[in-house]
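First the structure, in the form of structure tokens, and then the observations on it.
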Amino acid sequence: MRPFSTATCDIENQQSAKSINLYSAINQALHIALETDPRTFVFGEDVSFGGVFRCTTGLADRFGKSRVFNTPLCEQGIVGFGIGLAAMGNRAIAEIQFADYIFPAFDQIVNEAAKFRYRSGNQFNCGGLTIRAPYGAVGHGGHYHSQSPEAFFCHVPGIKVVIPRSPQQAKGLLLSCIRDPNPVVFFEPKWLYRLAVEEVPEHDYMLPLSKAEVIREGSDITLVGWGAQLSIMEQACIDAEKDGISCELIDLKTLIPWDKETVEASVRKTGRLLVSHEAPVTGGFGAEISASIVERCFLRVSNFIYFVLLIEYYREPIQFFFIESQAFHCTNNLILAPIILNILASTLKTQKEENEKNKKVQTMLTCLCGDKRMHAAEWN
Amino acid sequence: MAIWWTRSSRTIANHIRKCMNKGFMGGAVVKQSSWSSTVQSCSLSSLSSHRLVPQNCSYLHSLPCNRATLFSLQRFKSTVAEGQLDSFFSSDSDDEQLNVLARQSLDFPGGKVTYTSEMNFISESSHKRIPCYRVLDDDGEIINMNSDLQQVSKEVAVKMYSDMVTLQIMDNIFYEAQRQGRISFYMTSAGEEAINIASAAALGEEDIILPQYREPGVLLWRGFTLQEFANQCFGNKADHGKGRQMPIHYGSKEHNFFTISSPIGTQLPQAAGIAYSLKMDNKKACAVSYIGDGGTSEGDFHAGLNFAAVMEAPVIFFCRNNGWAISTHVSEQFRSDGIVVKGQGYGIRSIRVDGNDALAVYSAVSAAREMAINEQRPILVEALTYRIGHHSTSDDSTKYRALDEIDYWKLARNPVNRFRCWVQSNGWWSEQQETELRKSIRKQLLQAIQVAEKTEKPPLTELFSDVYDHLPSNLQEQEKQLRETISRHPKDYPSDVSV
Ligand SMILES: Cc1ncc(C[n+]2csc(CCOP(=O)(O)OP(=O)(O)O)c2C)c(N)n1
Ligand SMILES: [Mg+2]
Numbered sequence: 001m002r003p004f005s006t007a008t009c010d011i012e013n014q015q016s017a018k019s020i021n022l023y024s025a026i027n028q029a030l031h032i033a034l035e036t037d038p039r040t041f042v043f044g045e046d047v048s049f050g051g052v053f054r055c056t057t058g059l060a061d062r063f064g065k066s067r068v069f070n071t072p073l074c075e076q077g078i079v080g081f082g083i084g085l086a087a088m089g090n091r092a093i094a095e096i097q098f099a100d101y102i103f104p105a106f107d108q109i110v111n112e113a114a115k116f117r118y119r120s121g122n123q124f125n126c127g128g129l130t131i132r133a134p135y136g137a138v139g140h141g142g143h144y145h146s147q148s149p150e151a152f153f154c155h156v157p158g159i160k161v162v163i164p165r166s167p168q169q170a171k172g173l174l175l176s177c178i179r180d181p182n183p184v185v186f187f188e189p190k191w192l193y194r195l196a197v198e199e200v201p202e203h204d205y206m207l208p209l210s211k212a213e214v215i216r217e218g219s220d221i222t223l224v225g226w227g228a229q230l231s232i233m234e235q236a237c238i239d240a241e242k243d244g245i246s247c248e249l250i251d252l253k254t255l256i257p258w259d260k261e262t263v264e265a266s267v268r269k270t271g272r273l274l275v276s277h278e279a280p281v282t283g284g285f286g287a288e289i290s291a292s293i294v295e296r297c298f299l300r301v302s303n304f305i306y307f308v309l310l311i312e313y314y315r316e317p318i319q320f321f322f323i324e325s326q327a328f329h330c331t332n333n334l335i336l337a338p339i340i341l342n343i344l345a346s347t348l349k350t351q352k353e354e355n356e357k358n359k360k361v362q363t364m365l366t367c368l369c370g371d372k373r374m375h376a377a378e379w380n
Numbered sequence: 001m002a003i004w005w006t007r008s009s010r011t012i013a014n015h016i017r018k019c020m021n022k023g024f025m026g027g028a029v030v031k032q033s034s035w036s037s038t039v040q041s042c043s044l045s046s047l048s049s050h051r052l053v054p055q056n057c058s059y060l061h062s063l064p065c066n067r068a069t070l071f072s073l074q075r076f077k078s079t080v081a082e083g084q085l086d087s088f089f090s091s092d093s094d095d096e097q098l099n100v101l102a103r104q105s106l107d108f109p110g111g112k113v114t115y116t117s118e119m120n121f122i123s124e125s126s127h128k129r130i131p132c133y134r135v136l137d138d139d140g141e142i143i144n145m146n147s148d149l150q151q152v153s154k155e156v157a158v159k160m161y162s163d164m165v166t167l168q169i170m171d172n173i174f175y176e177a178q179r180q181g182r183i184s185f186y187m188t189s190a191g192e193e194a195i196n197i198a199s200a201a202a203l204g205e206e207d208i209i210l211p212q213y214r215e216p217g218v219l220l221w222r223g224f225t226l227q228e229f230a231n232q233c234f235g236n237k238a239d240h241g242k243g244r245q246m247p248i249h250y251g252s253k254e255h256n257f258f259t260i261s262s263p264i265g266t267q268l269p270q271a272a273g274i275a276y277s278l279k280m281d282n283k284k285a286c287a288v289s290y291i292g293d294g295g296t297s298e299g300d301f302h303a304g305l306n307f308a309a310v311m312e313a314p315v316i317f318f319c320r321n322n323g324w325a326i327s328t329h330v331s332e333q334f335r336s337d338g339i340v341v342k343g344q345g346y347g348i349r350s351i352r353v354d355g356n357d358a359l360a361v362y363s364a365v366s367a368a369r370e371m372a373i374n375e376q377r378p379i380l381v382e383a384l385t386y387r388i389g390h391h392s393t394s395d396d397s398t399k400y401r402a403l404d405e406i407d408y409w410k411l412a413r414n415p416v417n418r419f420r421c422w423v424q425s426n427g428w429w430s431e432q433q434e435t436e437l438r439k440s441i442r443k444q445l446l447q448a449i450q451v452a453e454k455t456e457k458p459p460l461t462e463l464f465s466d467v468y469d470h471l472p473s474n475l476q477e478q479e480k481q482l483r484e485t486i487s488r489h490p491k492d493y494p495s496d497v498s499v
């Protein structure tokens, strides 16, 4: 098997950069991946003419039909085929046309790709597999072109789940995923395919996986998100600042295995955490983050954790907001900014009461569980 | 007029083809614009010399019904037919007796299809069931010396027979070990020894095996030792799989045998991917994926066959149709004439073979392999057989099938006995060799079990390794927590696991 590497390079040392959108950044990454390793393949439904989102434009022309090709309309086939290809030491880049249609391949991802190395005692692996899928709401997708299914996959040890927030991130992270020696599910925010434009270095670079990034430093509250949500949260931070609230914003980037340390360090500083994701709240990955953070720095989190579900795309009326992107922007900011303000106002005002409450909870937990409280007390 | 041109429609179509972009769908890249169903202008102009296309519009108006006919002369860009589907499925006929309709054809993206005025539903099954290829009769004698039988040398035949016997004895001893509580689970291959060994013998060592689970004989043939089998079943630290899976989930990189996975059918689309990689590397090897009759109802079966056909991947899909999927009889599994007929639905060449006839399996798989590799295409083999044993040690098959049915297959149709008759009739095997072999294998197995049982279990660290290539921080943390818990409660953890 070929050793894959995830050595990263500095994007600051860029030679030249151009302003491009997110799908073009993905396209650049795929070009580089195919160019730099002849054992790389790109395939999926309709990829050979460029894909329904144009991410694979020009690849078949450049690298030939045997390396970039259409597959039958069958997601379990696409992923199963990709696993086989990867198991032979190839980099198999499989496209699932929409994240909403990844479920026929669920078994191949959960029971096969994720467990391929472990079950064989490391005799075999399909680490060269990367599954790309556009996710999230854009405003007119209805139930089946809008979902954010990342949480399903975050329950699966053996795969990595990565979601980029911007063109520059998308290119560097995708190249890391393709070259990572583990199977990766890479969700692309389709809302941003055309909308997000950013300077993207033209050369081959990789961004580290399992490394969160503090995008904006602040002292009052920590905001954690990923993918398309980041642009909305960033706007909310700016709005909150006008009201004198200092927000720290973190892009998680890799959902599993995730960078607890960065989030923990931030929450230790601010004492408050807000997680925002586009997926449903119940059983969402935000719950995992909050549980882990509560466990790690329980007494530091003065006001526990808050969730915001930004988009309940199941509800038809809300979709009206999405039809025009302008409305979409300000709607979300209008929703999010006051929520953040409310949380902060109530916590700051009743800080004393909260402290009292926390003491009571602490006493209660001391009675309930064993050694853990000692750790918690130490941290405090 | 319609009659005249439809008779020559093939020539015309050929002519038009030449005019068309040669690379279209035939290998070169499809441009975005080619998705629209526009007509190539060259085809129209070149046709005018045949005086087939009326230049004058009023003439067209006078023949409104023939417009489709007129257009069917032109080949649309989205029509794949070019040298591909037409040649596979030619539906043209020169038979003068055919009516006018029958001689017209539809230029469909999937190729040319003739019309018929008869409303015929295709029958759900053919008149006769697909016959089963056989070389040896029930007494182990060759039925037809002139049959296209693959020659088997004495050396290969004796090894085949010895391995079939070894597999039988291994099954008996491991089965007993499970009954005694020494291993947690077992599955026998009883009744399918010929399938196991003969299919393996017909393959090359570089051919890559994707097993279901009732094919340990393939590993045995390739040199996986009895000790290695035992180590896996006992889940000790010498097991290649590091003791992580249930017994019988073997895997060996050295023997090009992918690790068995419990979910049924998942290996089929993977086989297509593996075979595609062999194809890209121009290897003279194929992928071989085994599946049971029950497994053919899984979506992955259909995905695997279809992908392999479309990708022209060298795979042999070997279906062991043993009549049962746990307690589900084949009549509750599908309504087709078994598995062999399903191949055609995917454009895959297929054969039905007597799975209890080692020579037939050997010949069929040899031929399948040659076609798969030389012609770069998948082949489907359906072997008819019977699962003599219970599904697994967790099953009692007398609850759902008659004892005399089992006995019939065990005694009257036993594949090992049948092959032995043939080997013996060649003077290659004796009663004495038989006794010695059985005694020696038995001894080796008992010893292997003892060693496997005494060998330590894999250390605790193997619980966490290999989830990823490196241990991520969350697993490091969980491993640390587990060690702390164990050190606090050492008595609650097995003493034979090193921490
Ligand atoms: C996806 C899946 N569903 C159910 C099972 C449980 N199961 C294990 S073996 C089996 C029957 C398989 O029958 P068949 O494919 O005919 O193989 P045979 O046991 O006859 O060799 C079933 C249902 C499974 N392992 N995987
Ligand atoms: Mg069966």
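As you go down the protein sequences, you meet chains A and B in turn.
Counting with UniProt numbering, you get residues 1 to 380 for the letters of the first sequence.
Counting with UniProt numbering, you get residues 1 to 499 for the letters of the second sequence.
Note that the Cβ used here is the ideal one computed from N, Cα and C, for glycine as well.
Original post:
Does the Cβ of B/L305 have 16 or more other Cβ atoms within 10 Å, making it buried, or fewer, making it exposed?
Top reply: As a working note, residue 305 of chain B is residue 305 in the second sequence. B/L305 should be labelled buried.
**OP:** Determine the direct distance from the alpha carbon of A/L255 to that of A/G286, and round the result to whole angstroms.
**Re:** For the purposes of this step, residue 286 of chain A is taken as the residue at position 286 of the first sequence. For the purposes of this step, residue 255 of chain A is taken as the residue at position 255 of the first sequence. Spanning the two alpha carbons is a distance of roughly 10 Å.
**OP:** With a threshold of 16 other CB atoms inside 10 Å of the CB of A/Q28, please say whether the residue is buried or exposed.
**Re:** Within the first sequence, the letter at position 28 stands for residue 28 of chain A. Buried, since its Cβ has 16 or more Cβ neighbours within 10 Å.
Subject >> Other residues of its chain near B/T393: CB distance less than 8 Å, five sequence neighbours each side excluded >> reply: Residue mapping note: residue 393 of chain B aligns to position 393 of the second sequence, counting from 1. Cβ within range, chain order: Y175, Q178, R179, F185, Y186 and M187.
**OP:** Taking B/G304 as the query, report the chain A residues whose CB atoms sit under 8 Å from its CB, ordered along the chain.
**Re:** Residue mapping note: residue 304 of chain B aligns to position 304 of the second sequence, counting from 1. Result: G77 and G80.
**OP:** Return the first residue and the last residue of the alpha helix (DSSP H) that A/H31 is part of.
**Re:** Counting from 1 along the first sequence, the entry for residue 31 of chain A is found at position 31. That run of the alpha helix (DSSP H) goes L22 to T36.
**OP:** Find out if the Cβ-Cβ distance for the pair B/C286, B/I373 is shorter than 8 Å.
**Re:** Translated into the one-based positions of the second sequence, residue 286 of chain B becomes position 286. Translated into the one-based positions of the second sequence, residue 373 of chain B becomes position 373. It is a contact, given that the beta carbons lie within the stated cut-off.
**OP:** Please list the residues of the region 97–124 of chain A that have a C-beta atom closer than 9 Å to any C-beta atom in chain B, keeping them in chain order.
**Re:** P104, D107, Q108, N111, E112, A114, K115, F116, R117, Y118, R119, S120, G121, N122, Q123 and F124
Original post:
Of all the options A/K65, A/T36, A/E75 and A/R165, which has the alpha carbon lying nearest to the alpha carbon of B/H302?
Top reply: As a working mapping, residue 302 of chain B is identified with position 302 in the second sequence. Closest by alpha carbon: A/E75.
**OP:** Return the residues of the region 183–201 of chain B that lie within a Cβ-Cβ distance of less than 9 Å from chain A, sorted by chain order.
**Re:** none
Original post:
Within the present structure, is the beta-carbon of B/D300 separated from the nearest heavy atom of ligand 2 by less than 7 Å?
Top reply: The residue given as residue 300 of chain B occupies position 300 in the second sequence. B/D300: no, Cβ never under 7 Å from ligand 2.
Original post:
Does A/L85 get closer than 8 Å to chain B when you measure Cβ to Cβ?
Top reply: Mapped onto the first sequence, residue 85 of chain A falls at position 85. Answer yes: the Cβ-Cβ gap between A/L85 and chain B drops below 8 Å somewhere.
**OP:** Kindly indicate if chain B contains any beta-carbon less than 8 Å away from that of residue 385 of chain A.
**Re:** Here chain A comprises residues numbered 1 to 380, so residue 385 of chain A is not present and cannot be evaluated.
Original post:
Whose Cβ in chain B lies nearer than 8 Å to the Cβ of A/G158?
Top reply: Taking the first residue of the first sequence as 1, we reach residue 158 of chain A at position 158. Near A/G158 (Cβ distances below 8 Å), the residues of chain B are V467 and Y468.
Original post:
Would B/K443 count as contacting chain A if we go by Cβ distances under 8 Å?
Top reply: One-based indexing of the second sequence puts residue 443 of chain B at position 443. Cβ-Cβ to chain A under 8 Å: no for B/K443.
Original post:
Between the region 39–56 of chain A and chain B, which residues of the former have CB atoms less than 7 Å from a CB of the latter, in chain order?
Top reply: S48, F49 and G50
Subject >> Contact between the region 15–22 of chain A and the region 201–212 of chain A (3+ Cβ pairs under 8 Å) >> reply: yes
**OP:** Determine, using beta carbons only, whether residue 500 of chain B comes closer than 8 Å to chain A.
**Re:** This structure cannot settle anything about residue 500 of chain B, because the visible part of chain B is limited to 1 through 499.
Original post:
Among A/L274, A/K160, A/V281 and A/L174, which residue has its Cα nearest to the Cα of B/L471?
Top reply: Along the second sequence, one-based indexing puts residue 471 of chain B at 471. Checked all of A/L274, A/K160, A/V281 and A/L174; the closest Cα to B/L471 is A/K160.
**OP:** Answer yes or no: does any C-beta atom of chain B fall closer than 8 Å to that of A/P72?
**Re:** Counting from one through the first sequence, the residue named residue 72 of chain A turns up at place 72. Chain B, which has a Cβ nearer than 8 Å to the Cβ of A/P72, makes this yes.
Original post:
The beta strand (DSSP E) spanning A/A133 covers which residue range?
Top reply: Within the first sequence, residue 133 of chain A is the residue found at index 133, counting from 1. Residues L129 to Y135.
**OP:** Return the residue from the list A/F43, A/L230, A/I250 and A/E248 that minimises the CA-CA distance to A/A92.
**Re:** Looking up residue 92 of chain A in the first sequence gives position 92. Nearest option by C-alpha distance: A/F43.
**OP:** Can you pull the chain B residues whose beta carbon is under 7 Å from the beta carbon of A/N182, in chain order?
**Re:** Stepping through the first sequence from its first residue, residue 182 of chain A is reached at position 182. Chain B residues near A/N182: Y468 and D469.
Subject >> Simplified DSSP assignment, three categories, for B/T166 >> reply: In the second sequence, counting from the first residue as 1, residue 166 of chain B sits at position 166. Reduced to three states, the DSSP call for B/T166 is helix.
**OP:** Establish whether the CB of A/P189 and some CB of chain B are separated by less than 8 Å.
**Re:** Position 189 of the first sequence, counted from the start, is the residue given in the question as residue 189 of chain A. Chain B, which has no Cβ nearer than 8 Å to the Cβ of A/P189, makes this no.
Original post:
Does any heavy atom of ligand 2 sit closer than 7 Å to the C-beta of B/N196?
Top reply: Taking the second sequence and counting its residues from 1, one reaches residue 196 of chain B at position 196. No, ligand 2 has no heavy atom inside 7 Å of this Cβ.
**OP:** May I have a chain-ordered list of the alpha helix (DSSP H) segments no shorter than 4 residues that lie completely inside the region 127–179 of chain B?
**Re:** 154–179
Original post:
Taking Cβ-Cβ distances below 8 Å as the criterion, which residues of the region 114–125 of chain B are in contact with chain A?
Top reply: none
Original post:
Mind listing which residues of the region 271–284 of chain B have their C-beta closer than 7 Å to chain A's C-betas, in chain order?
Top reply: A271, A272, G273, I274, Y276, S277 and M280
Original post:
Hey, would you say the C-beta of B/W324 is under 7 Å away from at least one heavy atom of ligand 1?
Top reply: Indexing the second sequence from 1 puts residue 324 of chain B at position 324. Result yes, Cβ under 7 Å from ligand 1.
Original post:
For ligand 1, is there a heavy atom less than 7 Å away from the beta-carbon of B/P263?
Top reply: Within the second sequence, numbered from 1, the residue matching residue 263 of chain B stands at position 263. Correct: B/P263 has its Cβ closer than 7 Å to ligand 1.
Subject >> Secondary structure of B/G292, DSSP reduced to three states >> reply: Position 292 of the second sequence holds residue 292 of chain B. Strand at B/G292.
Subject >> chain A residues whose Cβ lies nearer than 9 Å to that of B/N231 >> reply: Residue 231 of chain B sits at position 231 when you count from the first residue of the second sequence. Chain A residues near B/N231: none, gap ~11 Å exceeds 9 Å.
Subject >> Opening and closing residue of the alpha helix (DSSP H) in which A/L85 lies >> reply: In the first sequence, counting from the first residue as 1, residue 85 of chain A sits at position 85. Taken as a continuous stretch (DSSP letters only), the alpha helix (DSSP H) holding A/L85 covers E75 to A87.
Original post:
Roughly how many whole angstroms lie between the Cα atoms of B/E431 and B/K154?
Top reply: Walking along the second sequence from the start, residue 431 of chain B turns up at place 431. Walking along the second sequence from the start, residue 154 of chain B turns up at place 154. Distance between the alpha carbons of B/E431 and B/K154: 17 Å.
**OP:** Give the residues of chain B in contact with A/P257, contact being defined as C-beta atoms less than 9 Å apart.
**Re:** Residue mapping note: residue 257 of chain A aligns to position 257 of the first sequence, counting from 1. The contacting residues are Y468, P472, S473, N474 and L475.
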